[in-house]
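For reference, the structure discussed in these notes is given below.
In the working numbering, the protein residues as written are 5 to 140.
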């Protein structure tokens, strides 16, 4: 890993506004395929950028922010897919979010997760599981 880049992420200061959080989550959004349970980790921060919500930084938000920085600066355990061999996809859906992991030869290739928006939380389980097919 490039130490200059990891040091830059480690030195991020606490977001002071919803716009700051959007900047952090926008960058992190690119990396979410490499971070297991990204949506769960970022959930407290995403809650602060909702409309009609007061920006109130809490201990939970701080923990989420620090955990995101830690995961982005730690060595990834993902591997590149091999030219031959089967892929195995494990997925799960709950009333909070969707997620899956793609594996080949017992090695993680990619993660994906997504929080549900309000109306999606009312979907039946089979619709939620089908929704995982649309995750990026």
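Don't be surprised by glycine CBs; every beta carbon is placed ideally from N, CA and C.
Per the Cβ contact rule, the region 38-52 is in contact with the region 62-78 (3 or more Cβ pairs under 8 Å). As for any beta strand (DSSP E) of minimum length 3 sitting wholly inside the region 38-101, the runs are 92-97, ordered along the chain. CA-CA distance, residue 23 to residue 17, rounds to 14 Å. Rounded to the nearest whole angstrom, the CA to CA distance from residue 101 to residue 118 is 6 Å. Residue 111 has its alpha-carbon roughly 14 Å from the corresponding atom of residue 39. By alpha-carbon distance to residue 62, the top candidate from 134, 19, 74 and 30 is 19. Residue environment analysis places residue 130 among the exposed positions, since fewer than 16 neighbouring C-beta atoms fall within 10 angstroms of its C-beta. Annotated three-state conformation of residue 15 is coil, per DSSP.
Within 10 angstroms of the beta-carbon of residue 12 lie fewer than 16 other beta-carbons, which makes it exposed. Collapsing the DSSP output to three states places residue 119 in a strand. Nearest in C-alpha terms to residue 36, of all of 99, 113 and 134, is 113.
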